[in-house]
Amino acid sequence: MAFNTLLVERANGIATVTLNRPKALNAINQEMTRELAQLVAELERDPAVRVVIITGAGDRAFMAGADITEFQALSAVEALGFSQRIQALYTRIERLPQPTLAAVNGFALGGGCELTQVCDLVIAAETARFGQPEVNLGVLPGAGGTQRLARLVGRHRAKEICLTGEMLDAHEAYRIGLVNRVVPPDQLMAEARALAEKLREKSAVTLRLIKEAIDEGHDLALEAGLAVEAKAWAIAFATEDHAEGVRAFLEKRRAQFKGR
Ligand code: CO8
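The opening position of the sequence shown corresponds to residue 13 in my numbering, with each subsequent residue numbered one higher.
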């Protein structure tokens with residue numbers, strides 16, 4: 013499907029999604045919200061897509077947040093609906109069966125920073141900037157930022173970021189655990205693709221079980237989280253890929269996983 017606000021390229025099991033409103037620093041508007049929801053529905057049902065990379069068009073921004081030009085027309089009731097739609101969309105992205113990788117090529121602010129927080133892995137260009145500047149607009153993060161950011165980096169750091177609205181550079185974002193890797197800007201997409209290719213070689217079903225166990229267990233007490241892990245571990249034993257993985261090890265050859 014062709015989109016106005018997204019570019020989607022599918023090649024060799026890797027879908028690269030480019031947020032494509034570069035004149036507005038890829039700010040997410042209602043149209044992009046709708047189009048992302050359509051795309052996510054497609055990706056959820058597409059076993060040919062093994063890894064998803066999300067990045068921003070141009071060299072300035074990943075996404076500079078929600079489109080502020082739409083804010084003035086919003087009533088409080090409409091703002092509630094918009095926040096709930098974006099939250100639901102981001103949660104769906106978080107729960108995609110495939111691993112997701114944010115390749116952050118510039119500003120990741122507000123809803124852009126929140127989008128990186130629902131991706132499984134985050135690679136940042138050295139020029140990337142992260143932040144939750146909503147406070148400067150008299151609002152607060154509305155796409156999960158007050159909740160996920162605190163869980164990711166701790167409450168004190170989350171409060172500093174949300175209360176001051178100040179930006180963090182890529183190295184600081186790495187230091188506090190918002191980012192997995194920092195690379196020179198001209199190597200960003202090559203690094204993202206290389207990591208995606210590594211993941212593509214694994215069993216899609218095992219990756220999904222790992223991702224779900226970590227995410228589901230994260231907000232549970234340890235005992236409950238361990239139960240989630242034990243069940244996922246048992247399900248892995250019912251997969252053809254587990255049998256193939258063990259057989260390949262014993263036969264001293266590379267496993268050929270089929271995602272079953
Ligand atoms: N929305 C709309 N347009 C934007 C946005 C945005 N968030 N950010 C930048 N733009 C536009 C600018 O208006 C400008 O357009 P034009 O060329 O037509 O004047 C163009 O992009 C380039 O931007 P600048 O000229 O401002 O570039 P600078 O290099 O001077 O500054 C900044 C770059 C610092 C990124 C600056 O643009 C900025 O501060 N942008 C706003 C960032 C922000 O506050 N983001 C948070 C928005 S709120 C949010 O994300 C809430 C998410 C939760 C949503 C829940 C549902 C509501």
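Glycine included, C-beta positions come from ideal geometry on N, C-alpha and C.
Any chain D beta carbon closer than 7 Å to residue i
{"i": "ARG266", "result": "Of the protein chains in the structure, only one exists, and it is not chain D."}
Burial state of residue i (16 or more Cβ within 10 Å)
{"i": "MET75", "result": "buried"}
{"i": "SER87", "result": "exposed"}
{"i": "GLN268", "result": "exposed"}
{"i": "GLY212", "result": "What sits at residue 212 in the sequence shown is Arg, not Gly. ARG212 is buried by the Cβ-count criterion."}
{"i": "GLU47", "result": "buried"}
{"i": "PHE119", "result": "buried"}
Selected residue, minimal CA-CA separation from residue i, among the options
{"i": "TYR102", "options": "GLU82, VAL89, PHE119 and CYS125", "result": "CYS125"}
{"i": "LYS214", "options": "VAL151, ALA114, ASP253 and GLU56", "result": "ASP253"}
{"i": "LEU55", "options": "GLU90, GLU82, PRO109 and ASP79", "result": "PRO109"}
{"i": "VAL130", "options": "LEU232, GLU138 and ILE66", "result": "ILE66"}
{"i": "GLU82", "options": "LEU238, GLY189 and PHE94", "result": "PHE94"}
{"i": "GLU256", "options": "LYS243, GLY271 and ILE247", "result": "GLY271"}
Residue i Cβ short of 6 Å to the ligand CO8 heavy atom set
{"i": "PRO34", "result": "no"}
{"i": "PHE142", "result": "no"}
{"i": "PHE74", "result": "no"}
{"i": "PRO145", "result": "yes"}
{"i": "ALA39", "result": "yes"}
With a threshold of 8 Å, are at least 3 pairs of Cβ atoms found where one atom belongs to the segment 143-158 and the other to the segment 170-181? A contact is defined here as three or more CB-CB pairs under 8 Å, and the segment 143-158 meets this definition with respect to the segment 170-181.
Which runs of the alpha helix (DSSP H) at least 4 residues long sit entirely within the segment 141-208? Give them in chain order. Within the segment 141-208, the complete alpha helix (DSSP H) runs of at least 4 residues are 157-165, 167-176 and 182-187.
Can you list, in chain order, the stretches of the alpha helix (DSSP H) that have 4 or more residues and sit fully within the segment 84-151? Correct list: 88-106 and 123-130.
Check whether the segment 145-165 and the segment 245-265 are in contact - that is, three or more C-beta pairs closer than 8 Å. The segment 145-165 is not in contact with the segment 245-265.
Is it the case that the segment 49-63 contacts the segment 22-38, given that we only count it when at least three CB pairs across the two stretches are under 8 Å? Touching, yes.
Check whether the segment 92-101 and the segment 162-173 touch, using three or more Cβ-Cβ pairs below 8 Å as the test. Counting C-beta pairs with one atom in each stretch, the segment 92-101 and the segment 162-173 have fewer than three that are closer than 8 Å, which means they do not touch.
Taking contact to mean 3 or more Cβ pairs, one atom from each stretch, closer than 8 Å, check whether the segment 69-84 and the segment 28-46 are in contact. With the cut-off at 8 Å, the segment 69-84 and the segment 28-46 touch.
Per the contact definition of three or more C-beta pairs closer than 8 Å, is the segment 111-118 in contact with the segment 186-205? The segment 186-205 vs the segment 111-118: in contact.
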